[in-house]
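**Student:**
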Amino acid sequence: MKKLDKKVAIITGGADGIGKSTVERFAQEGASVAIWDLNAEKGNALSESLVKQGFDVIFQQVNTADFESVTKAAESLFKAKGRIDILINNAGITRDSSLKKMTPESWQQVIDVNLTGVFYCTKVVADYMTEAKYGRIINTSSVVALYGNFGQTNYVATKSALIGMTKTLARELGRKGVTVNAVA
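Residue numbers for the sequence shown follow the working numbering, beginning at 180 and rising by one.
1. Quick check for students: name the residue ranges of the beta strand (DSSP E) that lie wholly in the stretch 215–291, counting only runs of 3 or more.
2. With DSSP run on the structure shown, which of helix, strand or coil describes N293?
3. Helix or strand or just coil, what does DSSP make of V362?
4. What separation, rounded to the nearest whole angstrom, lies between the Cα atoms of A349 and I317?
5. How is the alpha helix (DSSP H) around A349 delimited, first residue to last?
6. Judging by CA-CA distance, which residue of I265, A252, K355 and S276 is the nearest neighbour of K185?
7. Could you spell out where the beta strand (DSSP E) holding V187 opens and where it closes?
8. Could you tell me whether the stretch 268–279 touches the stretch 218–235, where touching means 3 or more Cβ pairs closer than 8 Å?
9. Need the endpoints of the alpha helix (DSSP H) that G196 sits in, please.
10. Could you compute how far the alpha carbon of A361 sits from the alpha carbon of L325?
11. With which residues is A305 paired in a DSSP beta bridge?
12. Who are the Cβ neighbours of A252 in its own chain at under 7 Å, not counting the five residues just before and after it?
13. What is the DSSP secondary structure of V323, reduced to helix, strand or coil?
As structure tokens, this is what we get:
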């Protein structure tokens, strides 16, 4: 038996980078994995490749910064699988520039994906988990949350906020069987 047999996992930002590696590892460990990403080309290619290898993986095109998109995807996944056990909040973007050059639009884009998206995904998925009295939520933060980084005011703000959000949600959801942790 593998570590994640019979577990259903959502991995946001799962079509590329760290998310892709996480999808591959979770599939190898026996999880049924839902890739949530905006990039349909990469998401479908990854899903198809892993299915051909015998893994249980689906791609759902999800905008994590849109509450309705998140809600519909979670409902569809729950209807298909009957459970949601793990949420990896990994989707994230950068729009790097110094404070002087940073536009309000680039500030907001990073806030929307990196912070609001985590709130939306967690809010929606936590309902399924607390009902089952079991769940694991992992938020992807960054070491820059602790140290700062030139030209990343927006990114660092989101990753710092994720640490506080994680600690608060761990207290709120832990007594309902749902653990919440962050990795950096």
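Each residue gets a CB set at the ideal place from its N, CA and C atoms; glycine is no exception.
Here the structure is a predicted model, which means the values were calculated and not measured.
**Tutor:** In terms of the structure at hand:
1. 236–240 and 265–268
2. helix
3. strand
4. 10 Å
5. T332 to G353
6. I265
7. V187 to T191
8. no
9. G196 to Q207
10. 13 Å
11. Paired residues: none, contrary to the question.
12. W215, Q239 and V241
13. helix
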